[in-house]
Amino acid sequence: MSDEGSTGGEPAVLVGGPADGMRIRVVGRPAVLQVTFPCEVEAVARAVRVEALYVYRRDARQPLEGEEQAYGFDGASP
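Structure below.
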C-alpha cells in the first residue's frame, strides 16, 4: 500500500554516490532523479553558476511493504 497522496508522495532513499543515505519523498515513482551540488567558482561572472550533476535510477523491483523505494547512484551517466 502506498501513502502517495496522503502526505505528498512516498518515501525513497538514495543509495551510493554523493547523496548516499539521503531520504526523500517522491510522487509518481519517477524512473530517474537528478541531484545537484553547487560548485565554487573563482570569479562570479554575471549570474552564472556551476553545479555538479549526479543521476540516481529507481530500483525496478517493488519495495517490500514498509520499505522505502530505492534509487541507486548511476556513476556512468553524464
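Going by this note's numbering, the first residue of the sequence shown is number 759, and it counts up by one from there.
C-beta: ideal position from N, C-alpha, C; glycine also.
Given the structure is predicted, the values throughout are model-derived calculations rather than measurements.
Query	Result
Proximity of residue 829 and residue 807 at Cβ, strictly below 9 Å	no
Cβ-based burial, residue 792 [other Cβ within 10 Å; buried from 16]	exposed
Beta-carbon proximity of residue 774 to residue 785, cut-off 9 Å	no
CA-to-CA distance, residue 797 to residue 804, given in whole angstroms	16 Å
Nearest-angstrom beta carbon gap, residue 790 and residue 779 [assumed within contact, 8 Å]	Actually they are not in contact, since the Cβ atoms of residue 779 and residue 790 sit about 19 Å apart, beyond 8 Å.
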